[in-house]
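Asks: Below is the structure I would like to discuss, written out as structure tokens.
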Amino acid sequence: MSAPKIILYTNRLCPWAHRAHIALKEIGLDYEEVTIDLNTPREPWYLEINPRGLVPTISYNGEIIPESGIVAQFLADAHQTHLLPPSTSPANALYRARLAFFVDSFFTKVVPHLFAGVRAANEAERDAAAEELVAAVVKEVEPLLADTEGKGPFFGGSDKLTLAEVQSGSFLLRLLSFAKPEHGLLSAKLTTLLEQTPRFKRWAEATAAHDSVNFIYDEKPVADKMRSKFAPAAKV
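Letter by letter, the sequence shown follows residues 236 to 471 of my numbering.
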């Protein structure tokens, strides 16, 4: 099978587009990268590719695939690796369903508190958002990582990345880095609060440390962009 011709339309500051970079690197696929300026109206040529004007979009052998979660899922299905088993047996189908639920739990129950912290106008609001974030992790995510005990740090106890980390990694990088004093986008208490969630903390730190996850992450520009977009009223 010949290598596919892939063009990735992206912006490296966008956490959603970052998902496609993680998938492509971990699978080991070559691609052409085209940066889309998210600060200006989209050029007509890009709207012809993706009428929504969002990133990421990939062209895969001429077929256009938009939306980050769909892109990552497609790449994992099209190129069978350790990221995701094929749904060729009930056991594999069950694993895929549990992984999808895990990712959904992280994004619907935890990530909203991350953005609430970034949008907070003062320290008290940031602290409250951090406490709510950790409470959500304790209730919704920590139990789903029980099978990492004594095993690998990634979803299901894997010692390699899975699709769960592909989908979540860019947000974990932000969760862990935005609480640093030099950024002040999240509560300074968050790091200590995460000690209440040892499985999640181990998973998040291992994911953020992985080269396929962090290789495009430029922390300061990302934090500055997040501040300008979501926290115009924040006082740090």
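C-beta atoms are modelled at their ideal positions from N, C-alpha and C, and glycine is treated no differently. Remember, predicted model here, so these are calculated numbers, not experimental data.
Using a 10 Å radius around the Cβ and a threshold of 16 neighbouring Cβ atoms, would you call Ala-255 buried or exposed?
Replies: Locating residue 255 in the sequence shown gives position 20, counting from the first residue. Classification of Ala-255: buried, given that the 10 Å Cβ count is 16 or more.
Asks: Spell out whether any CB of chain C is found under 8 Å from the CB atom of Ser-403.
Replies: The structure shown contains no chain C; it is built from a single protein chain.
Asks: Enumerate, from N- to C-terminal direction, the unbroken alpha helix (DSSP H) stretches of 4 or more residues contained entirely within the stretch 260-285.
Replies: 279-284
Asks: Let me confirm a value: Leu-282 is counted as buried when at least 16 other C-beta atoms fall within 10 Å, else exposed. Which label applies?
Replies: In the sequence shown, the residue the question calls residue 282 occupies position 47. So Leu-282 counts as exposed.
Asks: Need the endpoints of the alpha helix (DSSP H) that Leu-243 sits in, please.
Replies: Reading the sequence shown from its first residue, position 8 is the one you call residue 243. Unbroken run through Leu-243 is the beta strand (DSSP E), 241-245; no alpha helix (DSSP H).
Asks: Pull up the distance between the alpha-carbon of Ala-252 and that of Gly-304, whole angstroms please.
Replies: Within the sequence shown, residue 252 is the residue found at index 17, counting from 1. Within the sequence shown, residue 304 is the residue found at index 69, counting from 1. Going from the Cα of Ala-252 to the Cα of Gly-304 covers about 9 Å.
Asks: Since Tyr-266 and Leu-259 are thought to touch, with beta carbons under 8 Å apart, how far apart are those beta carbons, to the nearest angstrom?
Replies: Here the question's residue 266 lines up with position 31 in the sequence shown. Here the question's residue 259 lines up with position 24 in the sequence shown. Yes, Tyr-266 and Leu-259 are in contact; Cβ-Cβ is about 6 Å, under 8 Å.
Asks: In chain order, what residues of the same chain have a beta carbon less than 7 Å from the beta carbon of His-348, not counting five sequence neighbours either side?
Replies: Working through the sequence shown from its first residue, we reach residue 348 at position 113. Once the five neighbours on either side are set aside, the close Cβ partners of His-348 are Ala-364, Glu-367, Leu-368, Ala-371.
Asks: Suppose you measure from the CA of Ile-299 to the CA of His-314; what does that come to, to the nearest Å?
Replies: On the sequence shown, residue 299 is found 64 positions in, with the first residue counted as 1. On the sequence shown, residue 314 is found 79 positions in, with the first residue counted as 1. Their backbone Cα atoms lie some 17 Å apart in a straight line.
Asks: Look up Glu-302 in the DSSP assignment and say whether it is helix, strand or coil.
Replies: For the purposes of this step, residue 302 is taken as residue 67 along the sequence shown, with counting starting at 1. Glu-302 falls in the coil class under three-state DSSP.
Asks: Going by DSSP, what residues sit across from Phe-413 in a beta bridge?
Replies: Counting from 1 along the sequence shown, the entry for residue 413 is found at position 178. In DSSP, Phe-413 forms no bridge with anything.
Asks: Is it buried or exposed for Glu-278, if we count other Cβ within 10 angstroms and need 16 for buried?
Replies: As a working note, residue 278 is residue 43 in the sequence shown. By the neighbour-count rule (16 or more Cβ atoms within 10 Å), Glu-278 is not buried but exposed.
Asks: Classify Gln-308 as buried or exposed, calling it buried when 16 or more other Cβ atoms lie within 10 Å of its own Cβ.
Replies: The sequence position of residue 308 within the sequence shown is 73, counting from 1. Burial call: buried.
Asks: Work out the CA separation of Ala-332 and Ala-326 for me, nearest whole Å.
Replies: Against the sequence shown, residue 326 aligns to sequence position 91. Against the sequence shown, residue 332 aligns to sequence position 97. Between Ala-326 and Ala-332, the C-alpha separation is close to 10 Å.
Asks: So, using beta-carbon positions, are Val-345 and Leu-420 closer together than 8 Å?
Replies: As a first step, residue 345 must be located in the sequence shown, where it is residue number 110. As a first step, residue 420 must be located in the sequence shown, where it is residue number 185. Cβ distance not < 8 Å, so Val-345 and Leu-420 don't count as in contact.
Asks: Between which two residues does the alpha helix (DSSP H) containing Glu-294 stretch?
Replies: On the sequence shown, position 59 is the one that residue 294 refers to. Looking at the sequence provided, one finds Ser at residue 294 rather than Glu. No alpha helix (DSSP H) contains Ser-294, which is instead part of the beta strand (DSSP E) from 292-295.
Asks: Figure out for me which residue from Ser-237, Pro-321, Arg-247, Pro-239 has the closest Cα to the Cα of Phe-450.
Replies: Position 215 of the sequence shown, counted from the start, is the residue given in the question as residue 450. Of the listed residues, the one whose Cα sits closest to Phe-450 is Arg-247.
Asks: Using the beta-carbon count (16 or more within 10 Å), is Arg-361 buried or exposed?
Replies: Position 126 of the sequence shown, counted from the start, is the residue given in the question as residue 361. Classification for Arg-361: buried.
Asks: Taking Ala-365 as part of the alpha helix (DSSP H), name the residues at either end of that continuous run.
Replies: Taking the first residue of the sequence shown as position 1, residue 365 is located at position 130. Where Ala-365 is concerned, the enclosing alpha helix (DSSP H) stretches over 358-371.
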